[in-house]
Amino acid sequence: MDLKTNHTHRLADAATITRTRSRLGTPSSLSCSPTGATTFLHGPSLAIPRKKTGILDDVRSNGCLDAMRSSSPTNKKISMDIGHGVAFFDVDAAYLTWQLEFPSALASFEQITNFAKGKKIVLFLDYDGTLSPIVDNPDHAFMSESMRATVKSMAKYFPTAIISGRCREKVHEFVGVTDLYYAGSHGMDIIGPPRQSDKHPTCIRSTYNKGNEVNLYQPAAEFLPMIDEVLSLLIECTKDIKGAKVENNKFCVSVHYRNVDEENWDMVAQIVYDILKDYPHLRLTHGRKVLEVRPVIDWDKGKAVTYLLESLGLNEDNDVLAIYIGDDQTDEDAFKVLSEFNKGFGILVSSAPKESNAIYSLCDPSEVMEFLKSLVVWKSISLV
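Per the UniProt record's numbering, the sequence shown starts with residue 1, numbered consecutively.
Now the structure itself:
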């Protein structure tokens, strides 16, 4: 699918993740007690680990701190010379150069819609940083009413799914639109269209959205006891770090450090790192100023997109055009799947240059809304 002239699209290396089918129910021996003695999670309290000699060597040597520092790009700066009535945009030249490789989806809208004519468009949207701005308190990441109205209009014309790192119930509450499909926990908790047969043993036929029949698919269901155990440890062991926030996203645990002084980031990272040493079936990934603990299974947002396309009966359709809009590193798996299997393309939401498997770019959620509105207008006119 060549949507850009003279564009060389560089794909990132795919991480190989080993699937595990073990029961995973063995409790961890990790302790948060100063003495290192075993503390059972069923007990009334846990203690914070005493700082060990050379403890910071782990997170520094494995690149964890570097990844944390680079996880949230610097925004473009805009300044105005009011006295002369001229606006000066202090835009990093690197960003403009980057847009030659990842052009604006707004500037390329005519090209996109020309390609989309006669195709069945499906929309996949991340939430934080895409439909809502990134905020200091993740509990306050509310989308605007105008964005909600735009998403609701989108769903009238195109099958639309929200794929978020948040737990499914939470992102549904934030979005507040019923005529959508939702995938939480980075695609590990999916509400999708019902299928006549499903080879996945953990797929359950259920009712949702005013009694409509759907499939509930949770490929990481066996990990829940382990994730709950790690959640309790992380809450207890980070409670005295000012600004740290541990969020329960059901099939993953998010440790936010956006409000932590940078001099204490190593402490946050070391706690997470030490806890995960006792949990080989869990892995650590990086988001925008957040550390995320996830199961080690062969599943990601790219797999979730494929699952939803199959559920919609579109995965083998040559006329489908899937558009995925997202800002996070975890969205790269979805960008890559669409590109590799010629099913559509990704749009990266970013105000700073970075490598991506996407084809196009948008700067921020306001540009996302403008792009979605333009799609709605284009589709409505085409139906007249």
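Every residue gets a Cβ at the ideal spot worked out from N, C-alpha and C, and that includes glycine.
Note that the structure is a prediction, hence the values are computed from the model and not measured.
Check	Outcome
Within 8 Å, strictly: CB atoms of Val122 and Leu314	yes
Contacts around Thr150, its chain only, beta-carbon distance under 6 Å, and the 5 residues preceding and following it disregarded	Met369, Leu372 and Lys373
Sequence ranges, alpha helix (DSSP H) only - wholly within the stretch 201 to 277, length at least 4	224 to 238 and 265 to 276
Contact between the stretch 117 to 131 and the stretch 157 to 164 (3+ Cβ pairs under 8 Å)	yes
Collapsed DSSP secondary structure at Gly187 in the structure displayed	helix
Proximity of Gly243 and Val230 at Cβ, strictly below 8 Å	no
Close Cβ partners of Ser153 (< 6 Å) along its chain, the five nearest in sequence each way excluded	Val376
Best match in Lys301, Asn264 and Glu310 for proximity to Lys289 [C-alpha to C-alpha]	Asn264
C-beta contact flag for residue 422 and Cys252 at 8 Å	A question about residue 422 goes unanswered here, because the residues of the chain that appear run from 1 up to 384.
Cβ contact check for the stretch 293 to 311 and the stretch 332 to 343: 3 or more pairs under 8 Å	yes
Close beta carbons around Val246, own chain, < 8 Å, minus the five adjacent residues each side	Leu231, Leu234, Ile235, Thr238, Val253, Ser254, Val255 and His256
Close Cβ partners of Asp333 (< 6 Å) along its chain, the five nearest in sequence each way excluded	Asp300, Lys301 and Gly302
Bounding residues of the alpha helix (DSSP H) (the contiguous stretch that carries Pro353)	Segment: none, Pro353 is in no alpha helix (DSSP H) and carries neither H nor E.
Proximity below 8 Å, CB of Pro159 to CB of Leu383	no
Gly344 and Tyr360 closer than 8 Å at C-beta	no
Closest residue to Ser104 among Trp378, Tyr157, Arg283 and Ser350 (Cα-Cα distance)	Ser350
Alpha-carbon spacing of Leu291 relative to Asn215, whole angstroms	30 Å
Cβ neighbour criterion (16 or more within 10 Å) applied to Pro280	exposed
With 16 other Cβ atoms within 10 Å as the buried cut-off, status of His250	Note on identity: in this sequence residue 250 is Lys, with His being the wrong assignment. So Lys250 counts as buried.
For Phe102, the nearest candidate out of Leu321, Ser380 and Pro353 (CA to CA)	Pro353
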